[in-house]
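Add 234 to a position in the sequence shown, counting from 1, and you land on the number used in the numbering used here. Yeah, the Cβ is synthetic: ideal placement off N, Cα and C, and Gly gets one too. Below: one structure, written as structure tokens.
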Amino acid sequence: MIHKTIYLSIFCLFAGHLAAQPLIWNRELPVAYGFSPSDCSVRWDEGKYLFYGRKSIVELDRLGFMTSTAIAPASEVYARGSFLRIRKDALTGKRYFLTAYRKNSDQTALYFAEYRPGTGFAYATLFEDDLGFDGVRSTSPAVVDLNDSTLVVFGGMWARQIVHRPGQGFVQKWRKAIDLGSVQAALRTNEGFIAVSQSGAIAVFDEKGNEIWARFLAGYSFNNIKPAPDGFWVCGKEG
235 MIHKTIYLSI
245 FCLFAGHLAA
255 QPLIWNRELP
265 VAYGFSPSDC
275 SVRWDEGKYL
285 FYGRKSIVEL
295 DRLGFMTSTA
305 IAPASEVYAR
315 GSFLRIRKDA
325 LTGKRYFLTA
335 YRKNSDQTAL
345 YFAEYRPGTG
355 FAYATLFEDD
365 LGFDGVRSTS
375 PAVVDLNDST
385 LVVFGGMWAR
395 QIVHRPGQGF
405 VQKWRKAIDL
415 GSVQAALRTN
425 EGFIAVSQSG
435 AIAVFDEKGN
445 EIWARFLAGY
455 SFNNIKPAPD
465 GFWVCGKEG
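Below, the structure is given as structure tokens:
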């Protein structure tokens, strides 16, 4: 078992002076499991910070003090830090989450599910896809939202469109084979979608997941992509 510690830090940001800003607070979070940056995300919701890690959703107040946790660390699943969507039940108004996870025992089984605090995972739907293996299964699916219910998901072997039906599960609308290595991030473009992978691939797809073009940069590994005024930014490493 690999043990690491996550520290969540909040800075006061002002345009043009990021490096000089003072640290407001720094908290150690109770996440003692192997992880990579792609397993973690932080977002603001209902006056709280939501930290989403490999096996935990941790809620913190404005000063960084933990107010609640969800997903037991002893759970058999690895919840994926790169995919967390907040939803509210139409009948109760209670918050729940759309997430994806993999079980410890199966490298190729990717589940999309609703996670409801106090109840656990519900309406889990299996989609087969080999996302890669690094000893702690840190590879995540890359998900692009078309609207509140429709997702386009890029994995290691497949691009697929999935529709979430609240209280029922997830339905696949189409699936296309891809060969880019493990896709780490994707975004929507005028042509359709652009995705980057751990294998140094940059690829463009149309709205139905058909590959338009792909380029491989030997010796590079990409883990994120963001739009820019005249194109896009790609983040990764060499070697």
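Distance between Ile446 and Leu263 (C-alpha atoms, nearest Å): 42 Å
Element boundaries [beta strand (DSSP E), containing Arg472]: Correcting the residue identity first, residue 472 is Glu in this sequence and not Arg. Looking at the DSSP string, the run of the beta strand (DSSP E) that includes Glu472 is Gly465 to Glu472.
Taking the C-alpha atoms as reference points, what is the distance between Ser302 and Tyr349? 15 Å
CB-CB length for Trp392 against Asp363, believed under 8 Å: Rounded, the Cβ-Cβ distance is 5 Å, consistent with contact.
Terminal residues of the continuous beta strand (DSSP E) containing Thr384? Thr384 to Phe388
State the start and end residues of the unbroken beta strand (DSSP E) segment that holds Gly403. Gly403 to Ala411
To the nearest angstrom, how far is the alpha carbon of Lys410 from that of Phe427? Taking the straight line from one Cα to the other gives about 13 Å.
Extract the residue ranges of the beta strand (DSSP E) inside the stretch 278-337, only unbroken runs of 3 or more that lie entirely within it. 282-286, 291-294, 300-304, 311-322 and 329-337
Pull up the distance between the alpha-carbon of Val386 and that of Leu421, whole angstroms please. Each residue's Cα considered, the two are about 10 Å apart.
Take Glu441 and list the residues in its own chain whose beta-carbon comes closer than 7 Å to its own, dropping the five residues that flank it on each side. Gly426
Would you tell me roughly how many angstroms separate the C-alpha atoms of Gln432 and Cys469, rounded to the nearest one? 11 Å
Cβ-based neighbour list, Asp323, same chain, cut-off 7 Å, excluding 5 preceding and 5 following: Tyr330
Straight-line CA distance for Phe317 to Thr333? Straight through space, the alpha carbons of Thr333 and Phe317 are spaced by roughly 6 Å.
According to DSSP, residues forming a beta bridge with Asp379: Beta-bridge annotation (DSSP): Asp379 is paired with Leu385.
Member of Asn458, Thr423 and Tyr345 whose CA lies at the smallest distance from the CA of Gly465: Thr423
Cβ pair Asn458, Gln418 closer than 8 Å: yes
According to DSSP, is Thr359 helix, strand or coil? strand
Starting from the C-beta of Ala343, find all residues in its chain whose C-beta is less than 7 Å away, skip the five residues before and the five after it, and write them out in chain order. Arg336, Lys337, Leu360 and Glu362
So, is Pro375 buried or exposed, given that buried needs 16 or more other C-beta atoms within 10 angstroms? Classification for Pro375: buried.
Collapsed DSSP secondary structure at Lys460 in the structure displayed: Lys460 falls in the strand class under three-state DSSP.
Cβ neighbours of Asp379 in the same chain (closer than 7 Å, five flanking residues each side left out): Around Asp379: Leu385.
For Ile436 and Thr326, I'd like the C-alpha separation in whole angstroms. 43 Å
Kindly indicate which residue of Gly281, Arg277 and Asp295 has the alpha-carbon position closest to the one of Phe287. Note that residue 287 is Gly in the sequence shown, not Phe. Per the Cα distances, Arg277.
Grab me the residues of Pro461's own chain with a C-beta within less than 7 Å of its C-beta, minus the 5 sequence neighbours each way, in chain order. Contacts found: Leu421.
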